[in-house]
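Structure first, commentary second.
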Amino acid sequence: MMEIKMHDGPARLGKYYERETPGIIMTENPLNILKDEPMPYNVPKTLASWSVNSTVENARLSGENGIGIVHGSKYSDLRVECAIRLEELGNTVLMIANPEELMKRSRDLVDIITLIRENINPNSAIYYPFAEPSFIPFLAYMGVDLFDTVIGDFYASINTLLTPSTKYDLDVYKIFDLNSEELREYNKNTIEFIIREVQEHIRNGTLRNLVEERCCTSPEAMTALRLFDRDHKEFIDKYTQLY
Numbered sequence: 081m082m083e084i085k086m087h088d089g090p091a092r093l094g095k096y097y098e099r100e101t102p103g104i105i106m107t108e109n110p111l112n113i114l115k116d117e118p119m120p121y122n123v124p125k126t127l128a129s130w131s132v133n134s135t136v137e138n139a140r141l142s143g144e145n146g147i148g149i150v151h152g153s154k155y156s157d158l159r160v161e162c163a164i165r166l167e168e169l170g171n172t173v174l175m176i177a178n179p180e181e182l183m184k185r186s187r188d189l190v191d192i193i194t195l196i197r198e199n200i201n202p203n204s205a206i207y208y209p210f211a212e213p214s215f216i217p218f219l220a221y222m223g224v225d226l227f228d229t230v231i232g233d234f235y236a237s238i239n240t241l242l243t244p245s246t247k248y249d250l251d252v253y254k255i256f257d258l259n260s261e262e263l264r265e266y267n268k269n270t271i272e273f274i275i276r277e278v279q280e281h282i283r284n285g286t287l288r289n290l291v292e293e294r295c296c297t298s299p300e301a302m303t304a305l306r307l308f309d310r311d312h313k314e315f316i317d318k319y320t321q322l323y
């Protein structure tokens, strides 16, 4: 389980197995991701519910704890149900399914992440895979704890360089002449920099400033921030110090 040291708004600075969070989950070694039942994002609720039940049952039958995948497609109530049931089985890291689709749907992203964070144990970690760099500060601000560098490898494979705020197709913007391994390392370093940046802003109580700056670079992220402020004010206020 996570050890939480401090908050900056809903964002949490803590430790997970001696690794500081928000942080990067190590993907060099195979992760103990529990067997799930994948389901596309935009499906009827009966199918999404079947996916949740099958995922939880697979986790139960495994007889071990690991990273539980939170299914439920576009239905926030099913996402919360899946997270709670996986947590009740002893799984304290919960990975968000359909992460790419969620980043395209600002309202769903905000509602699903906030409701999961509100309904699970504070010491359980939310893992958001394949997060776009410009989204990472906002996701951390909502209470996401763990990320990965897989997206950097993907973009390197299509000759695209990542910065904290945007992406550059190096066939068009010839900023650097990098081979695939060099580009992969550059993208990994970018994500690691963003994580360190987020950690330091939490320590200094200035994460909100960083979030606003980065959300300006993405229409979807800016919309998500506005919806978060409007629809989840009580959740934000709960963790915001009054001076």
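Letter 13 of the sequence shown, counting from 1, is numbered 93 in our numbering, and no numbers are missing.
Backbone N, C-alpha and C define an ideal beta-carbon position, used for all residues, glycine too.
Classification of I238 by the beta-carbon crowding that lies within 10 angstroms, buried from 16 upward: As a first step, residue 238 is located in the sequence shown; it is residue number 158 there, counting from the start. By the neighbour-count rule (16 or more Cβ atoms within 10 Å), I238 is not buried but exposed.
Inter-stretch contact at 8 Å, needing at least 3 Cβ pairs: the stretch 117-126 / the stretch 88-98: no
Inter-residue Cα distance where the pair is G223 and E198: Taking the sequence shown and counting its residues from 1, the one referred to as residue 223 is at position 143. Taking the sequence shown and counting its residues from 1, the one referred to as residue 198 is at position 118. Cα-Cα distance, rounded: 9 Å.
Cβ-based burial, G152 [other Cβ within 10 Å; buried from 16]: Locating residue 152 in the sequence shown gives position 72, where the first residue counts as 1. Per the 10 Å Cβ criterion, buried.
Classification of S131 by the beta-carbon crowding that lies within 10 angstroms, buried from 16 upward: Here residue 131 refers to the residue found at position 51 when the sequence shown is read from its first residue. With 16 or more Cβ atoms within 10 Å of its Cβ, S131 is classed as buried.
Straight-line Cα distance separating I275 from R283: Locating residue 283 in the sequence shown gives position 203, where the first residue counts as 1. Locating residue 275 in the sequence shown gives position 195, where the first residue counts as 1. C-alpha separation (whole angstroms): 13 Å.
Cβ separation of F227 and P102, assumed to be a contact under 8 Å, to the nearest whole Å: Against the sequence shown, residue 227 aligns to sequence position 147. Against the sequence shown, residue 102 aligns to sequence position 22. Rounded, the Cβ-Cβ distance is 7 Å, consistent with contact.
Residue span of the beta strand (DSSP E) that contains K313, given as start and end: Walking along the sequence shown from the start, residue 313 turns up at place 233. That residue, K313, is in no beta strand (DSSP E); its alpha helix (DSSP H) goes 313-318.
For N269, the nearest candidate out of K85, P244, D309 (CA to CA): Walking along the sequence shown from the start, residue 269 turns up at place 189. Selected option, being the one with the closest Cα: P244.
Continuous beta strand (DSSP E) stretch holding E100: start and end: Position 20 of the sequence shown holds residue 100. Per DSSP, E100 belongs to the beta strand (DSSP E) from 99-101.
Simplified DSSP state of E83, which is helix, strand or coil: Within the sequence shown, numbered from 1, the residue matching residue 83 stands at position 3. E83 falls in the strand class under three-state DSSP.
Any 3 or more C-beta pairs closer than 8 Å across the stretch 132-145 and the stretch 200-211: no
Secondary structure, alpha helix (DSSP H): runs of 4+ residues fully inside the stretch 143-229: 156-168, 179-184, 186-199, 216-222
Candidates N133, G170, L174, K154, of which the one nearest A163 by Cα: Your numbering for residue 163 matches position 83 in the sequence shown. The shortest Cα separation from A163 among N133, G170, L174, K154 belongs to L174.
Where the alpha helix (DSSP H) containing Y96 begins and where it ends: As a working note, residue 96 is residue 16 in the sequence shown. Segment 91-96 is the beta strand (DSSP E) holding Y96; no alpha helix (DSSP H) there.
Secondary structure of D257, DSSP reduced to three states: By 1-based counting over the sequence shown, the position of residue 257 is 177. D257 falls in the coil class under three-state DSSP.
Three-state secondary structure (DSSP) of L111: One-based indexing of the sequence shown puts residue 111 at position 31. DSSP places L111 in coil when its eight states are reduced to three.
Alpha-carbon spacing of V190 relative to L250, whole angstroms: What you label residue 190 is simply residue 110 of the sequence shown in a count that begins at 1. What you label residue 250 is simply residue 170 of the sequence shown in a count that begins at 1. So the alpha carbons of these two residues sit roughly 32 Å apart.
Per DSSP, cross-strand counterpart(s) of L250: Translated into positions along the sequence shown, residue 250 becomes position 170. Note: L250 sits in no beta bridge, so no partner.
From T320, G148, K313, F308, residue whose alpha carbon lies closest to that of R187: Within the sequence shown, the letter at position 107 stands for residue 187. Comparing Cα positions, the closest option is F308.
Boundaries (first-last residue) of the alpha helix (DSSP H) holding V291: Numbered from 1 along the sequence shown, position 211 holds the residue referred to as residue 291. Segment 287-295, the alpha helix (DSSP H) holding V291.
C-beta contact flag for I149 and I113 at 8 Å: Stepping through the sequence shown from its first residue, residue 149 is reached at position 69. Stepping through the sequence shown from its first residue, residue 113 is reached at position 33. It is a contact, given that the beta carbons lie within the stated cut-off.
Cut-off 7 Å between Cβ atoms - residues of its own chain near K184, not counting five sequence neighbours on either side: Against the sequence shown, residue 184 aligns to sequence position 104. Result list for K184: E300, in chain order.
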